[in-house]
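Everything in the sequence shown is counted per our numbering, starting at 3 for the first residue and increasing by one. To start, the structure under review is shown below, and the notes come after it.
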Amino acid sequence: MAQTKVAIISIQDVITRTQEGQQLIKQLQDKYAPKSKELEGMNNEINELRNQLNKGQNTMSDDARRDLMRRIQQKERDQQRAVEDARGQFNQEQQEIFNAVGAKVFAVVSQYSQEKGYSIVLDVSSPQTPVFWAANEVNITNDIITAYDAQGGSSAAPSGDAASKPAQ
């Protein structure tokens, strides 16, 4: 009877550490950099209004103080909505990247695992994965990153020496 070979992999690490994954994530971060600056500006504006309120608390009329407090609350709500919207859009686009690169990574993992004789490959990206311990030798994450990058991010894995040394 043939011995069962088991490997572990962190798919999330593979996706974020491949050249393609890093490039796409950087593009996404660059795309949202202006929005981040805008949100930072909103936060600075709120802090300035809070400082005005703190400094003028004893000298402001009740109406002026209430008006300033309402402005602060409105700006906080606006900022919260803007943060939630931006976070939702960013997360959605990030998930699309993970899905697209992940589909190609799956093809590389599948071919690599068949070539190296693995019976099962467990993804340990999630803390809920029921793997309590595994020897470093069974972790093929770096091997898959190397194989993926070597074939330029397409869905076909390299054969032979193009894939890095297999985990034992």
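No residue lacks a Cβ here, since even glycine has one placed at the ideal position from N, Cα and C.
Exercise. Going by beta carbon distance, what residues of the same chain come within less than 8 Å of LEU41, once the five residues before and after it are set aside?
Worked result: GLN81, ALA84, VAL85, ALA88
Problem set entry | Other residues of its chain near THR6: CB distance less than 6 Å, five sequence neighbours each side excluded | SER121
Exercise. ILE122 lies in the beta strand (DSSP E); which residues open and close that run?
Worked result: 122-125
Problem set entry | Entirely enclosed alpha helix (DSSP H) segments - the region 56-126, minimum 4 residues | 64-118
For this session: Can you grab the Cα-Cα spacing for the pair GLN97 / GLY58, in whole Å?
Result: 46 Å
Exercise. What whole-angstrom Cβ distance do PHE108 and ILE17 have, given they're in contact under 8 Å?
Worked result: With a Cβ gap of about 10 Å, PHE108 and ILE17 do not count as contacting.
Exercise. Could you check where the alpha helix (DSSP H) with ALA149 kicks off and where it finishes?
Worked result: 143-152
Exercise. So, helix, strand or coil for ALA136, using DSSP?
Worked result: coil
Exercise. Does the Cβ of LYS28 have 16 or more other Cβ atoms within 10 Å, making it buried, or fewer, making it exposed?
Worked result: exposed
For this session: Please name the residue or residues paired with ILE10 in a DSSP beta bridge.
Result: LEU124, ASN141
Exercise. With C-beta atoms as the reference, is ILE13 less than 8 Å away from ASP145?
Worked result: no
Problem set entry | Neighbourhood of PHE26 by C-beta distance below 6 Å, restricted to the same chain and skipping five residues each side | Checking the sequence shown, residue 26 turns out to be Leu, not Phe. Excluding positions up to five away in sequence, the list reads ILE99.
Exercise. Which word fits THR61, buried or exposed, when buried means at least 16 other C-beta atoms lie within 10 angstroms of its C-beta?
Worked result: exposed
Exercise. Helix, strand or coil: which one does DSSP assign to PRO129?
Worked result: coil
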